[in-house]
Amino acid sequence: MEPWIETCRGTVPSWETDVTEHWTIAYYFDRVALAEAALAEELGLLDTLREGAFIRRYDVRFGRELRAGASFHIESAALSPVGGQARGLRLGHRFVDSESGEIVTWFDEHWDGVAVSVAAERIGAWEGPEFEARPEPTSLAGAIPSARGRVKPQELDEFGRLGIAGLVHKFTDACIQAGAAIGLTADYIKSARRAYSTFELRLKVERSLGVGGPFQVDSCIAQLGNSSVRFVHVMRDPRTGQEIARLGQFGVQLDLDARRPAGLAPELRERAQRLVVPTG
């Protein structure tokens, strides 16, 4: 039996694209949630996913942007643990351009602490990128508030909790707020034809929220390069201060016409420097 199986097939609607003129990252997660459930059912693990009593981690690499009108499908498989050391269940998802057959995006997913046995013939080979360790902030003292609200009914997934796409939409709001704080405002994007484009995500989901669950997000910069910025967004329960989820978002300022990275203007760099926090 082929370990990698098709778990989702679809297209990119124009209304799911953003100011960078390509597919909004939350909609990748929306489709991965479908692929995740399809693979879990295939492996007999749908009840485990439904219970959701474990930490989920997603390492994501965007190899090529998908734009409005693109057709794609997702192939998914259970994977061998990284380095042979089992910390739980590992799953892989790859977005494939249905027209060309090119793999354009990779998701390396981990269910920490989930002890299950998957038959050897169902274990696929990972041919995607290796994800290097990224230092985390040692202090969030310099972070700024970037999102706040409550979970709405339409944001729930099939299991009755805040879906992974709804969660990432809130981090997208946080990124736009943080971008505006350093000068990547709507007016600047329109006039300068520059915007922030993500090429890597590291998402860790520690607990779930139900309808009406309050949240707040604070954002900072963990790494600042010539054109690159690595944001870290931390979502907490404002009632308890407990961390709900954390997103490391690595991207570049993109020239929207040339579709290439462009160096940050001095005034943007100066403002960005104020959000840089120590890491370790």
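Here the sequence shown stands for residues 729 to 1008, where the numbers follow this note's numbering. Glycine included, every Cβ here is placed at the ideal spot set by N, Cα and C.
Mind checking whether Ala763 and Ala893 have CB atoms under 8 Å apart? Your numbering for residue 763 matches position 35 in the sequence shown. Your numbering for residue 893 matches position 165 in the sequence shown. Going by C-beta atoms, Ala763 is not nearer than 8 Å to Ala893.
For Leu868 versus Ser925, is the C-beta distance shorter than 8 Å? In the sequence shown, residue 868 corresponds to position 140, counting from 1. In the sequence shown, residue 925 corresponds to position 197, counting from 1. Cβ distance not < 8 Å, so Leu868 and Ser925 don't count as in contact.
Where Gln882 sits in the DSSP three-state scheme: Here residue 882 is taken as the residue at index 154 of the sequence shown, counted from 1. It is helical.
Cα-Cα, which of Ser845, Pro857, Leu931 and Gly738 is closest to Glu797? To locate residue 797, count along the sequence shown from 1; it is residue 69. Going by the sequence as given, residue 797 is Gly instead of Glu. Per the Cα distances, Gly738.
Among Pro873, His821 and Arg785, whose alpha-carbon lies nearest the alpha-carbon of Phe943? As a position in the sequence shown, residue 943 is number 215, starting the count at 1. The shortest C-alpha separation from Phe943 is found at Pro873.
DSSP on Val939, reduced to helix/strand/coil? Within the sequence shown, the letter at position 211 stands for residue 939. Here Val939 sits in coil by DSSP.
On the criterion of 16 or more Cβ atoms from any shown chain inside 10 Å, does Gln977 qualify as buried, or is it exposed? By one-based count along the sequence shown, residue 977 stands at place 249. It counts as buried.
Once DSSP output is grouped into helix, strand and coil, what is the label at Val896? In the sequence shown, residue 896 corresponds to position 168, counting from 1. Here Val896 sits in helix by DSSP.
At 3 residues or longer, what runs of the beta strand (DSSP E) sit wholly inside the segment 828-866? 831-840
List the DSSP bridge partners of Lys918. Here residue 918 corresponds to residue number 190 of the sequence shown, with the count starting at 1. Its beta-bridge partners do not exist; DSSP assigns none.
Would you check if the distance between the CB atom of Arg789 and the CB atom of Glu928 is smaller than 8 Å? Start at 1 with the first residue of the sequence shown, and residue 789 comes out as number 61. Start at 1 with the first residue of the sequence shown, and residue 928 comes out as number 200. Contact flag set, yes.
Cβ atoms of Gly816 and Phe887: under 8 Å apart, would you say? In the sequence shown, the residue the question calls residue 887 occupies position 159. In the sequence shown, the residue the question calls residue 816 occupies position 88. Not closer than 8 Å, so no.
Spatial distance of Glu837 from Gly820 (CA atoms): On the sequence shown, residue 837 is found 109 positions in, with the first residue counted as 1. On the sequence shown, residue 820 is found 92 positions in, with the first residue counted as 1. If you take the alpha carbons of Glu837 and Gly820, they lie about 6 Å apart.
What does a CB cutoff of less than 6 Å around Ile783 pick up in its chain, not counting 5 residues either side in sequence? Here residue 783 is taken as the residue at index 55 of the sequence shown, counted from 1. Contacts found: Asp840 and Glu934.
Where Ser947 and Glu849 are concerned, what is the direct C-alpha to C-alpha distance, given to the nearest angstrom? As a first step, residue 947 must be located in the sequence shown, where it is residue number 219. As a first step, residue 849 must be located in the sequence shown, where it is residue number 121. If you take the alpha carbons of Ser947 and Glu849, they lie about 43 Å apart.
Looking at the unbroken alpha helix (DSSP H) that takes in Ile753, where does it start and where does it end? What you label residue 753 is simply residue 25 of the sequence shown in a count that begins at 1. Taken as a continuous stretch (DSSP letters only), the alpha helix (DSSP H) holding Ile753 covers Ile753 to Glu770.
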